[in-house]
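Novice:
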Amino acid sequence: MEASEILKQFSDVWELRHEYAKDWKRRTGGKVLGYFCTYEPEEVLYSTNVLPVRILGGHEAPTLATPHMFDMWCPFSRDCLNQGLQGKYDYLDGIMATNCCLHPRQAFGAWTIHVPTPWNYWFVMPNAVRSPRAKKFLRGELEEFKKAIEAWTGGKIADKDLDRGIDIMNTNRRLMKQVYELRKADNPPLTGAEAMTMVWASQLMDKREQNDLLKQLVATLPQRKLERNTGVRLMIVGSENDDRPFMEMVESIGGTFVIDDHCTGSRYFWDEVVPDKDRLQAIANRYCDRVPCPNKDWGMEDISRKRFTHILQLAKDYRVQGVILIQQKFCDPHELDIPSLRRLLESNGIPCYFLEFEVTVPIGQFRIRVEAFLEQIQAEELFV
Amino acid sequence: MAKYKTKGLDCWNRAKELRARYYEDYKEAPNRGALRWEGGAWSFDAIPQALEGEVHGLTEEPYGASIGADPALQVRYQEAAEGKWGCARDLCAYLRNYWGSIVLNEFAFGGEWPKADFIFQNHICCTHAKWLQVADEIEGGNIPYFCFDVGAGAYDKIGERQINYVVEQLYDGIDFLEKVTKRKIVDEKLIQNVKNTYDSACYWAKACELNQAIPAPLDEKTMFSLYVLGTLEKSHKDIAHFYKDELYPEVKDRVANKIAAVADEQCRVLGDSQPPWGFLRVFRYLEKYGIVSVASLYTFSLIGWWKIDKAGKLVPYPTLEEQGITIKDRDHALRLLAEGELKGKLMWAPFYGAKYKNDIVTKIAKQWKCDASIIHLNRGCEGTAQHQMEMKIAVQNLGLPVMTFEGNMADEREFDEGRTKRFIDLFVTETLGLKKVAD
Amino acid sequence: MISAGIDVGGKNVHIVITKNGTILARVGGPTGINKAEAAEQLYAEALKQAGLKREDVTQVVATGSSGPRVTFANGVIPDAAADARGVIKLIPSARTIIDVGAEEGRAIKISPEGKVLDFAINERCAAGTGTFVDTMSRALEVPVEEMAKLSLKSTRSIPMNAQCAVFGESEVVSLIHQKTPKPDIARAVHDAIAGRISSVARIVGLEKDVVMIGGVAKNLGFVESLKRDLGMEVKVPDDPDFVGALGAATAAAAGVLEEKVEAKVVEKEKIEEGKA
Amino acid sequence: MVEVKKVEYWRWPETSWVNPDIDWKKGKLVTAGVDVGSVSSQAVVMVDGQLYAYSNTRTGSDSPDSAWKCVNMALEKSDMKVDNIDYCIGTGYGRVNVPMAQQTITEIACHARGANFMYGPEIRTVLDMGGQDCKAIRCDERGKVMKFMMNDKCAAGTGRGMEVFADLIRVPVWEIGPRSFQIKQEPPMISSTCVVFAKTEVVGLLQEGMPENDIMAAYCAAMAHRITELLNRLGMEEKFAITGGIAKNEGVVKRLEKELGVKSIDKVWHDPKMQEKGLPFDTQIAGGIGAALFAFAMLERGKAQSARKA
């Protein structure tokens, strides 16, 4: 299949996520489980017949959510709840949340009360991910989670099942990373919007199915030539981001996103599970060692941020000329990191521009800001 | 003619004195060769306070609140944090006060910003670990930093595994403390500190429990100034003594003699979250209608420890004496400390879902005989403002009228006093149908 | 008994004089800068219309955000309370009231007796107020009344992203540039505000019947948008902008006063503090 | 519904000017910059990089018309025709709808460049207060943008806000500055951030009998404060220049300088010759000047071809 066709399929899954999930249930007779944050251990779910789907933005004013979350809570989380209240997720067999930031926790809290969902689960993902103690604790937590899933699905999860689950996840991660690798080229064979759509699709579709498509994509992408100028090589960093109109706007006015750091982007798949006899421990290690969400990005004994080093490395590897820092309104984890990150990037000669996102972004107002930022990066053009 | 007799608390000045001394000690510490540490109201102060020699802590939230009580100062500090450091305006208001204080190199209690020797923090909401991570950064990044995680699960899920997780981190904390201070942790001190922590946390709960009486011996406005000691240094012998041997007996005595916090009590209110500190006069305004704020999850369990008994009632967490426990050694002490905090601090339950908050606040509304609820939708603190709209619905389902008003515990730019009073007039005269009793 | 209700809002004064519940006079006009003066003049006009002398009126009750400034009133009641009393008198089946005025949009839940059970208002931002409509009509260069008619012609819904009244202007302007038909733009504006208002209304819960009052209720285009957003019927009484005044007059007749006089004292204090 | 006010006090007079000392026919390159803002539009015409003519007009609801209007007005006192322009760059919020432009550049770049031309190469920080947004720009000695920040999704403290205020208080916009100093002592600033709620607050103050001049002072102070916050975030570096309409409002500028503790550079031409000749110094045309200069540079460096029709 043509690369463009495959990317189109990912885009379709993203746009028709509900139809896809309902159809998946019909086809497989499996259960669909909704989740809010990327710290839920999908390996365990892929060891059995459960499809994990991430609740992503619906991008309309979350008016139904207002009686449950007043407007100091992040618009994205309110948007998630809003879709639940609209009944868009009526096909879910279960919903789960974890020790993420406080915003999705509000959405989950209201969801369990007001959106009829047969099963719900709270997964205690430790915050002190850099502490060896966390890995041990998380292993125990996974043990309990495995039991709960077994009880829910009525089937035992053996080591070979866990191996399969781990393999499905790792393969998916490896393939998406290979696609990202191609973006290092002078003229990337896919746009940032397309690349991120691939990741969104991976959070929405059966990874076994996506892996088959990804294998073909990795084979065909290198031959793909885009009829566009790459222009300024941009990196986009920040809160949850599934705002395709924004990405496309930026890539229509002289920029190309060549890399990102989002939980809806590279941060989701960057790290693999390193196999171990003790499968659950191996999974636990992966979630503690992965590139962290800012919320968990603090050391027990030092104030450095693991994520910053990673971002700086990405910027170098992908020859980034400028960084767009985006933040969901009221997103504390990123608000807490952005002033420091901005200083770090600028002191490394990488210009940044900051934008605050909501469920719908005023494209017009953002366009002029981004255009001016792109001009700033290429300003020499105007002067010599 | 007033309905009940009333008088101020005898131990009031003692509370003020203890608070003043705390900040004074912190400021003066270096002159006395004492160590200084920064942490949070929820840090396990029993541990750093068990180091050899004299040690004084500064807890971030009460400090931020003190600044919040002075709108002019608060705006100056926050604009420094927002302008000079560049942080978002909607971050925790205490945190912005705290950062601003460092940016301006100004201590709200006089003098320059008193730099700490080390940081001993713990993390449960989005903010705590990052708060001092950045504070340290603003100060130049050379303050030894330790932070441990207490997000091990809701009180009803706490078992050995959860306690071990925290205790193991506490051992790491002890290694850290001994490494960076070159001082030893003294087990006798540690054991005593844990005892004191239990007394502070349990006797505060017992005092709150007494507020079920009609008339209420305490009103929230007063309670704010009382629980604060527990957010400063609940492991301190004087503070434990205050709760156990001064406050608790006095409140008991007030109940026995029907001494009311508000002479014309005619409506008992359930509150939530921190108030807008610069505007406590709103509570006085309510008193004109005989409205008394008698209870809130926040005031009860920010430092207080509670449990839900067999009958499903909310009761104070048992003290060590009541459990018949004598602490044997360091390990025993650390386990008991972790257990008390993880099982007893119900304030932490809402982090794991709205159903917990709804369950606890409805119990409070019933047991403390509340007639209505006034909820401060606090834009300044997400941790305490969790599930507030769900709470509104849950309390309304009990048949209680609920009023909400938006504000911010420590950012007066987000509080509209005129409008809030307009709301109160409507709620009080129309919804509650109350008349003014005093002026 | 003859009683008068004076509703002094952000932009307009509305006055109703009733005799045993039946309306003798109804006068409205802009507040201008000096609201007290405006109220004074319009009251004189209302008396004239009713053919009454001041002393014929037993009770005068003021309401609205500037109610306390009406010096000749015997008392003041909170605006939401006036809304409730007025609405229940006109539409006894009303349980939810949506009142959108120039500078505030609010929702009120009432009991069958017209008692305020719960209420919510849009906070701190003008999106979701009558002023938003005015600003947009300026950008669209059509009068508000015209805008209402236009939007009813539209069959398309275009989302507006602007959070702010002023940015709404520029969004409207760019829609004009994209040659979007004016009816569709007008509808987009109404839909945007309706969205804000409906989320406020949902906070108090949407119990039937839902009644909309206030100046903006005269804008049928907006009412349509609101109905669409709420997915339920929305009743609008005649002269929806006079309901608050009527409610005040009703309260006056009911003689629920001595307590309100205190309320007035309270309001006065408030103004003092506001100054300080 | 009766409308109280007939006059629209926010409307400021439109202007145009032609340089009598330049014979454009003798010039090599005629370039233009057309800045279509949300509230005002300016056209600047340059001959070989020298200021030849400009206009400052109000923007209508249709950008192309507004562009034509201001270009025609700029040339009304000259025999130059639009077709005589070699290269035109559109800028400002309506830049994509400037029919006579061959290219667009954002007003951020143009204002920095224009400020550099008008105020001189020592300028490091430029504040441009537009109708709906407020831009703080850091630039180098060539007027090249190094960093910039803009106000967010709320119009608090923008030019439009000031117009709404002028309308409300019924004082012509250009009188607000001077009158805001005719006060006994500086009042506390208006606290509402929202343009609309600020209105409510102002009405309240008027009713409490606060003198109009004091209210103007309070409003100007609030605006100055918001701009200070923005400049603090950007990190302010001297010398500091203000462009755009607000530069004309002393009431805001003086208070802004006081709060910043930094004086903005005087509003005079950096080029002594231009100053001697007494060329009018209109801070609102900075964007147009920048655009016209970029157009000139493009042609000179052969980065663009002349599109001259006549």
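Chains as they are written, first to last, in this note's numbering: chain A, -2 to 381; chain B, 553 to 991; chain C, 520 to 795; chain D, 1132 to 1441. From the three backbone atoms N, C-alpha and C, an ideal C-beta is built for every residue, glycine too.
1) At what residues does the beta strand (DSSP E) containing A/Q382 begin and finish?
2) Which residues of chain B have a Cβ atom closer than 9 Å to the Cβ of C/K634, listed in chain order?
3) By DSSP, does D/K1394 sit in helix, in strand, or in coil?
4) From what residue to what residue does the beta strand (DSSP E) around A/D239 run?
5) Looking at C-alpha atoms only, which residue of D/A1297, D/D1345, D/I1300 is the closest neighbour of D/M1320?
6) Check each candidate in D/K1278, D/A1372, D/P1303 and name the one with the smallest Cα separation from A/G346.
7) Quick one, which of B/E934, B/V989, B/W857, B/A567 has its alpha-carbon nearest B/V867's?
8) Find the residues of chain C that neighbour A/P64, judging by a C-beta separation of less than 7 Å, and give them in chain order.
9) Write down the C-beta distance between B/V821 and B/A924 rounded to the nearest angstrom, noting that I regard them as a contact closer than 8 Å.
10) Considering only their Cβ atoms, is the gap separating D/S1194 from C/H696 smaller than 8 Å?
11) For D/N1363, go through chain B and note every residue whose CB falls closer than 7 Å to its CB, in chain order.
12) Roughly how many whole angstroms lie between the Cα atoms of D/K1156 and D/D1217?
13) Using alpha carbons as the reference points, say which of B/G830, B/T749, B/F903 lies closest to B/A792.
14) Quick one: measure Cβ to Cβ for B/L889 and B/V746, integer angstroms, because I've assumed they're closer than 8 Å.
15) Check this for me: beta carbons of B/I599 and B/G725, under 8 Å apart or not?
16) Mark A/N226 as exposed unless 16 or more other C-beta atoms lie within 10 angstroms of its C-beta, in which case mark it buried.
17) Within 8 Å (strictly less), CB to CB, does A/P123 reach chain B?
18) According to DSSP, is A/N117 part of a helix, a strand, or is it coil?
19) Taking beta-carbon pairs under 7 Å, can you tell me which members of the stretch 589 to 608 of chain C lie near chain B?
20) Measure the Cβ-Cβ separation of A/P291 and A/D334 and say whether it is below 8 Å.
21) Compare the C-beta of C/I695 against all C-beta atoms of chain D and say whether one is closer than 8 Å.
22) Quick one: which residues of the stretch 1246 to 1269 of chain D get their C-beta closer than 8 Å to a C-beta of chain C? List them in chain order.
23) Is it a yes or a no for the stretch 128 to 136 of chain A touching the stretch 271 to 286 of chain A, going by three-plus beta-carbon pairs under 8 Å?
24) Identify which residue in B/R641, B/K682, B/K579, B/T983 has its Cα closest to the Cα of B/C819.
25) Which residue marks the beginning of the alpha helix (DSSP H) containing C/T769, and which one marks its end?
26) Could you tell me whether any Cβ in chain B is nearer than 8 Å to the Cβ of D/E1360?
27) Within this structure, are the beta carbons of B/A554 and B/A815 separated by less than 8 Å?
28) Run through DSSP, which three-state label would D/I1373 get?
29) Just the C-alpha distance for D/A1423 and D/W1199, rounded to the nearest angstrom, thanks.
30) Under the three-state reduction of DSSP, which class applies to A/I374: helix, strand or coil?
31) Spatial neighbours of B/D861 within its chain, please: CB distance less than 8 Å, with the 5 preceding and 5 following residues excluded, ordered by chain position.
32) Any idea which residues DSSP pairs B/A924 with across the strands?
33) Could you tell me if the beta carbon of B/E942 falls within a distance shorter than 7 Å of some heavy atom in the ligand MN?
34) Tell me, to the nearest whole angstrom, how far the beta carbon of D/A1232 is from that of D/G1223; I am working on the premise that it is less than 8 Å.
35) Taking the straight line between their C-alpha atoms, what separation do you get for A/F380 and A/T253?
36) Would you mind reading off the limits of the alpha helix (DSSP H) that contains C/E559?
Specialist: On the basis of the data shown:
1) Since the first residue of chain A shown is -2 and the last is 381, residue 382 of chain A is not available in this structure.
2) Position 115 of the third sequence, counted from the start, is the residue given in the question as residue 634 of chain C. Chain B residues near C/K634: E982, T983, G985.
3) The residue you call residue 1394 of chain D lines up with position 263 of the fourth sequence. Residue state, collapsed to three classes: coil.
4) Looking up residue 239 of chain A in the first sequence gives position 242. Unbroken run through A/D239: none, as it is neither H nor E.
5) As a working mapping, residue 1320 of chain D is identified with position 189 in the fourth sequence. Comparing Cα positions, the closest option is D/D1345.
6) Position 349 of the first sequence holds residue 346 of chain A. For the residues D/K1278, D/A1372, D/P1303, the minimum Cα distance to A/G346 belongs to D/K1278.
7) In the second sequence, residue 867 of chain B corresponds to position 315, counting from 1. It is B/W857.
8) Taking the first residue of the first sequence as 1, we reach residue 64 of chain A at position 67. By Cβ distance, chain C contributes R721, I722.
9) The count along the second sequence starts at 1 and reaches residue 821 of chain B at position 269. The count along the second sequence starts at 1 and reaches residue 924 of chain B at position 372. The Cβ separation is near 5 Å, so the contact holds.
10) By 1-based counting over the third sequence, the position of residue 696 of chain C is 177. By 1-based counting over the fourth sequence, the position of residue 1194 of chain D is 63. Taking 8 Å as the Cβ cut-off, C/H696 and D/S1194 qualify as a contacting pair.
11) Counting from 1 along the fourth sequence, the entry for residue 1363 of chain D is found at position 232. Within 7 Å Cβ-Cβ: G635, K636.
12) The count along the fourth sequence starts at 1 and reaches residue 1156 of chain D at position 25. The count along the fourth sequence starts at 1 and reaches residue 1217 of chain D at position 86. Near 12 Å, if we compare the C-alpha coordinates of D/D1217 and D/K1156.
13) In the second sequence, residue 792 of chain B corresponds to position 240, counting from 1. Comparing Cα positions, the closest option is B/T749.
14) Position 337 of the second sequence, counted from the start, is the residue given in the question as residue 889 of chain B. Position 194 of the second sequence, counted from the start, is the residue given in the question as residue 746 of chain B. Right, their Cβ atoms sit about 5 Å apart.
15) What you label residue 599 of chain B is simply residue 47 of the second sequence in a count that begins at 1. What you label residue 725 of chain B is simply residue 173 of the second sequence in a count that begins at 1. Cβ atoms of B/I599 and B/G725: closer than 8 Å.
16) Counting from 1 along the first sequence, the entry for residue 226 of chain A is found at position 229. So A/N226 counts as exposed.
17) To locate residue 123 of chain A, count along the first sequence from 1; it is residue 126. Output row for A/P123: interface = yes.
18) Here residue 117 of chain A is taken as the residue at index 120 of the first sequence, counted from 1. In the structure shown, A/N117 sits in a strand (DSSP, three-state: E or B).
19) P597, A599, A600
20) One-based indexing of the first sequence puts residue 291 of chain A at position 294. One-based indexing of the first sequence puts residue 334 of chain A at position 337. Closer than 8 Å, so yes.
21) For the purposes of this step, residue 695 of chain C is taken as the residue at position 176 of the third sequence. Judged by the 8 Å Cβ criterion, C/I695 is in contact with chain D.
22) Q1263
23) yes
24) Mapped onto the second sequence, residue 819 of chain B falls at position 267. Of the listed residues, the one whose Cα sits closest to B/C819 is B/T983.
25) Within the third sequence, residue 769 of chain C is the residue found at index 250, counting from 1. 762 to 773 is the span of the alpha helix (DSSP H), which, as asked, contains C/T769.
26) Here residue 1360 of chain D refers to the residue found at position 229 when the fourth sequence is read from its first residue. True, the Cβ-Cβ gap to chain B drops below 8 Å.
27) Your numbering for residue 554 of chain B matches position 2 in the second sequence. Your numbering for residue 815 of chain B matches position 263 in the second sequence. In this structure, B/A815 lies closer than 8 Å to B/A554 by Cβ.
28) As a working note, residue 1373 of chain D is residue 242 in the fourth sequence. Correct three-state label for D/I1373: strand.
29) Start at 1 with the first residue of the fourth sequence, and residue 1423 of chain D comes out as number 292. Start at 1 with the first residue of the fourth sequence, and residue 1199 of chain D comes out as number 68. Taking the straight line joining both Cα atoms gives about 16 Å.
30) Here residue 374 of chain A refers to the residue found at position 377 of the first sequence. The answer is helix: DSSP assigns A/I374 an H, G or I state.
31) The residue given as residue 861 of chain B occupies position 309 in the second sequence. The answer, listed in chain order, is V867.
32) Taking the second sequence and counting its residues from 1, the one referred to as residue 924 of chain B is at position 372. DSSP output for B/A924 lists B/V821 as bridge partner(s).
33) By its list of ligands, the structure shown contains no ligand whatsoever, and the ligand MN lies outside what it can speak to.
34) On the fourth sequence, residue 1232 of chain D is found 101 positions in, with the first residue counted as 1. On the fourth sequence, residue 1223 of chain D is found 92 positions in, with the first residue counted as 1. Their Cβ separation, rounded to whole angstroms, is 11 Å, which puts D/A1232 and D/G1223 out of contact at 8 Å.
35) One-based indexing of the first sequence puts residue 380 of chain A at position 383. One-based indexing of the first sequence puts residue 253 of chain A at position 256. Answer to the nearest angstrom: the Cα atoms are 23 Å apart.
36) Against the third sequence, residue 559 of chain C aligns to sequence position 40. Element bounds for C/E559: 554 to 569.
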